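Report on the following structure.
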Amino acid sequence: PDSCDELNIIEEAANYGWPLARVSSEGCDRADGVQAIHYFATDGKEAHETLSTVGPSSLVYPEGGFGDLDGPGLVVCEVNTGRLVYLELNAGGEKVVAEELLAENCFTDVIEVDGGDHLVYAAIDGIYRLSAN
Numbered sequence: 030p031d032s033c034d035e036l037n038i039i040e041e042a043a044n045y046g047w048p049l050a051r052v053s054s055e056g057c058d059r060a061d062g063v064q065a066i067h068y069f070a071t072d073g074k075e076a077h078e079t080l081s082t083v084g085p086s087s088l089v090y091p092e093g094g095f096g097d098l099d100g101p102g103l104v105v106c107e108v109n110t111g112r113l114v115y116l117e118l119n120a121g122g123e124k125v126v127a128e129e130l131l132a133e134n135c136f137t138d139v140i141e142v143d144g145g146d147h148l149v150y151a152a153i154d155g156i157y158r159l160s161a162n
């Protein structure tokens, strides 16, 4: 696909629209099935536009927030853009309320190491421990 990269909450036996991913070229929403909670897009494009994909990869959900970002959220590497972003979720975890750029040059995995302190690492041009502070 060249558009409509999406973030979904996975539910058993839910219909996410594949292979009929969207209704029209005017948007990414589907006529039936589960709607995404967030659509990714490259800078300057809407998610439904051709070549808007960011290639979201390696989603990490740091328990207890991330640095000063104390709400629930996801750390995401966008392999097509190289951006590493933090998607802040609302309290219920069902909607993205903010996006913050953490780093550039992220083209590979982001992992969380559960050693009690919930460290998050990214392989950028080396292995880095991430901190939002």
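Each number in our numbering corresponds to the 1-based position in the sequence shown with 29 added.
Every residue gets a Cβ at the ideal spot worked out from N, C-alpha and C, and that includes glycine.
Since we're looking at a predicted model, the values are computed, not measured.
- [ ] Leaving aside the five residues before and after F136 along the sequence, list all residues of the same chain whose C-beta is less than 7 Å from its C-beta, in chain order.
- [x] To locate residue 136, count along the sequence shown from 1; it is residue 107. Result list for F136: V108 and G111, in chain order.
Task: S87 (DSSP reduced to helix, strand or coil) - done: Counted from its first residue, the sequence shown places residue 87 at position 58. Three-state DSSP puts S87 in a strand.
- [ ] Use the C-beta contact count for E35: other C-beta atoms within 10 angstroms, 16 or more gives buried, fewer gives exposed.
- [x] Numbered from 1 along the sequence shown, position 6 holds the residue referred to as residue 35. Buried, because 16 or more other Cβ atoms sit within 10 Å of the Cβ of E35.
Open item on the list: Assuming contact is defined by CB atoms lying nearer than 8 Å, are V104 and E117 in contact in what I supplied?
Closed with: The count along the sequence shown starts at 1 and reaches residue 104 at position 75. The count along the sequence shown starts at 1 and reaches residue 117 at position 88. No, Cβ-Cβ distance for V104 and E117 is not below 8 Å.
Open item on the list: In whole angstroms, give me the CA-to-CA distance for R72 and V114.
Closed with: Locating residue 72 in the sequence shown gives position 43, counting from the first residue. Locating residue 114 in the sequence shown gives position 85, counting from the first residue. The question names Arg, but residue 72 is Asp in the sequence shown. Roughly 13 Å between the two C-alpha positions.
- [ ] Can you tell me which of the three DSSP states V108 falls into?
- [x] Start at 1 with the first residue of the sequence shown, and residue 108 comes out as number 79. If DSSP states are grouped into helix, strand and coil, V108 belongs with coil.
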